[in-house]
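Residue numbers 1345 to 1899, in our numbering, belong to the letters of the sequence shown in order.
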Amino acid sequence: MDKAVSVLRGTPVVPGVGCGPVVRPEVRVPVPTEFATIPDTARDAEIARFVTAVDAVTGRLRARAEASTGAAAEVLNATAVLAQDRAWRSTAETQIRGGADAAAATIAATDRFVVMFEKIGGLQAERTTDLIDIRDRVLAELDGRPEPGLALPTSPSVLFAADLAPADTAALDARYIVGIVTVLGGPTSHTAIIARQLGIPCIVAAAGTDTVAEGTVVLVDGATGRVVVEPDREVAEAEVARDRAERDRIAAWTGPGATADGHAVAVLANVQDGAGARAARDTPAEGVGLFRTELCFLDRATEPVVAEQADIYAEVFAAYDGRKVVLRTLDAGSDKPLRFATHPDEPNPALGVRGIRVDDVAPGILDRQLDAVAEAARRTGVTPWVMAPMIATVAEAAAFAQRVRARDLVPGVMIEVPAAALLAERLLDHVDFLSVGTNDLAQYTMAADRMSPALAALTDPWQPAVLALVAQTAAAGRAVGKPVGVCGEAAADPLLACVLAGFGITSLSCAAPAVAGVGARLASVTLDACRDAAAAVLATTDPAAARAEAVRVLG
Ligand code: PEP
Ligand code: MG
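What follows is the structure, encoded as structure tokens:
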């Protein structure tokens, strides 16, 4: 083996260490290239054949969802919903009406939607894998072939693949798949979400995997994104054992969030709907620190009416009955376009009309959403904290706070724009809390697209410039005695969470699977150590040095 490729790198998405021989179990379905022309008289029958195939595929996805739990069930259900997408189906049916056979129509409709999803970008672009998986399943069904899938190993192995369909990832058994490395995919792809639920260390967007032969032993480190090819056996065993001990410590942590010397820092969950909130209840999360309401409506062409919105919000409030829930008003635009709220045709959507700014160009949507939140609050007896995304000025915060207070709700704003971090103390004249969105704060501080893998080093939340703004925001909260949380991805990094606590951050909200890791790490250090680490990190000039300083102080 060429020494130059002995360590491969990718994007780490699920932490943990796994070691074993490489397997490549993907069963690829060749996409047909020859098609029939369907005569006029047989087109209705061909449409029926297409519909039957799609329904059969949907039925099997639903059955697998029912046999699964948590994120796997949700992802399988979402794939089933995508298979029933009316626009995709009618595009295929139109093709058949024009004489295409069912296979050609399936391929053409999928191609068209893949282009559309990629143009929208962000989360939607990552759904192209799901759509292509549906296409391959429908093609197999039309041909009477078995569904595509994985031929899975029966001894501990590391799975290498170009990409994984959600349905295939959901079927993985963590006893036999000890690591996943894919060439495609992103941190929010369905592969990553399910691998996280299954607890399988996972790296996506890995380069150079085709240089590793099947059967070669590799060590996958899902925290750093390293794949060590043919590692030293003793070193690998020690790394796996250390990882196992760490996982046991995390499993034993039951909350509530506090440092070893009892300084409370609430550890909360980020959710996107009632199902997510109920799933988060299985973790020690003390409440919801970020309910991303826009994610409930990504597939909607029109604005849901107040009563329907209230039903959806009430589900989340009820799941955390009597505990803290922070709801964020619609953050439409940029990487999360909503058809009924997104400003069309912007050359630079991340710097365009998104978040709170939508209220200026489409007045009414925010007020109706706040009415729905108030209605859900009345119904459930829960008083949610309500915050606005993308606040850049004090005037925006003041106007938002007034509208929230008028409905007897607790107002806050997100700190995602450097301007807001710099004026945090003045924002707190108007609102009761702040929540730092480090994903966007990093994007706007470093002028680097958060979705660009090429700029990942710049959007690293350990960038000292980003951390300096977080520290300044936390200090503003301390000065006036108001809570300042962090709800961006930074809060999911256990080491960084301790540094944030050292800044004076009062709550950390992260994806449910990260909750216990953050809480367990916080419980292992004192507040003084966190403060020392915070000071040391702020004195550095790059992310690697910042991490190294945190490790030096916190261990
Ligand atoms: C953030 O920007 O950090 C945040 C939490 O919001 P989102 O990731 O939904 O933009
Ligand atoms: Mg944001």
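Glycine included, every Cβ here is placed at the ideal spot set by N, Cα and C.
Query, Result
"Contact test: T1560 Cβ vs ligand 1 heavy atom, cutoff 7 Å", "no"
"Spatial neighbours of V1357 in its chain, beta-carbon cut-off 6 Å, leaving aside the 5 residues before and after", "P1531, A1536, C1546 and V1548"
"Counted within 10 angstroms of its Cβ, other Cβ atoms place Q1746 as buried (16 or more) or exposed", "exposed"
"Residues near ligand 1, criterion Cβ-heavy atom distance below 6 Å", "L1634, R1636, D1675, E1760, G1781, T1782, N1783, D1784, C1831 and G1832"
"Burial state of L1695, where buried means 16 or more other Cβ atoms lie within 10 Å", "exposed"
"P1733: CB within 7 Å of a non-hydrogen atom of ligand 2", "yes"
"Any non-hydrogen atom of ligand 4 within 7 Å of P1691 CB", "Absent from the structure shown: ligand 4. Ligands present: ligand 1 and ligand 2."
"Three-state secondary structure (DSSP) of D1665", "coil"
"CA nearest to the CA of G1725, picked from P1755, F1661, L1813 and G1825", "F1661"
"Cβ distance (whole Å) where E1390 is taken to contact D1445 below 8 Å", "6 Å"
"Simplified DSSP assignment, three categories, for D1565", "strand"
"Contact set for A1595: own chain, Cβ-Cβ below 8 Å, skip 5 residues either direction", "A1860"
"Touch test, the stretch 1763-1782 against the stretch 1810-1830, Cβ-Cβ under 8 Å, three pairs minimum", "yes"
"Close Cβ partners of L1563 (< 6 Å) along its chain, the five nearest in sequence each way excluded", "C1363, V1572, P1575 and A1580"
"Close-in-space but distant-in-sequence residues of the same chain around A1427 (CB under 7 Å, 5 per side omitted)", "V1398, V1401, T1402, L1405 and I1478"
"Beta-carbon separation (whole angstroms), G1601 vs A1608, contact threshold 8 Å", "7 Å"
"Cβ neighbour criterion (16 or more within 10 Å) applied to G1566", "buried"
"Beta-bridge pairing of S1501 - partner residues as DSSP gives them", "I1521"
"Beta-carbon contacts of A1509 that lie in its chain and below 6 Å, excluding the five residues immediately before and after", "D1477"
"C-alpha distance - V1349 paired with V1584, whole-angstrom precision", "Residue placement at V1349 is flagged as unreliable, the pLDDT there being 44, under the threshold of 50; the coordinate-derived value follows with that caveat. Roughly 22 Å separates the two Cα atoms."
"Residue burial classification, G1620 (beta-carbon count within 10 angstroms, cutoff 16)", "buried"
"Neighbourhood of E1578 by C-beta, 7 Å cutoff - its chain only, sequence neighbours within 5 removed", "none"
"The stretch 1836-1847 in contact with the stretch 1511-1526 per 3-pair CB rule at 8 Å", "no"
"Which listed residue (T1513, D1643 and E1638) has its alpha carbon closest to that of V1425", "D1643"
"Sequence-distant residues of its chain with Cβ nearer than 8 Å to V1761 (five each side left out)", "M1734, I1735, A1736, D1784, L1785 and Y1788"
"Contact under 8 Å by Cβ, V1830 with A1877", "no"
"Ordered list of alpha helix (DSSP H) runs contained in the stretch 1664-1723, each at least 4 residues", "1702-1705"
"Span of the beta strand (DSSP E) around W1729", "W1729 to A1732"
"Buried or exposed (CB count within 10 angstroms, at least 16 for buried), D1346", "Unreliable positioning characterises D1346 in this predicted model, as indicated by a pLDDT of 40, which lies under 50. The coordinate reading is nonetheless provided below. When all chains shown are included, D1346 counts as exposed."
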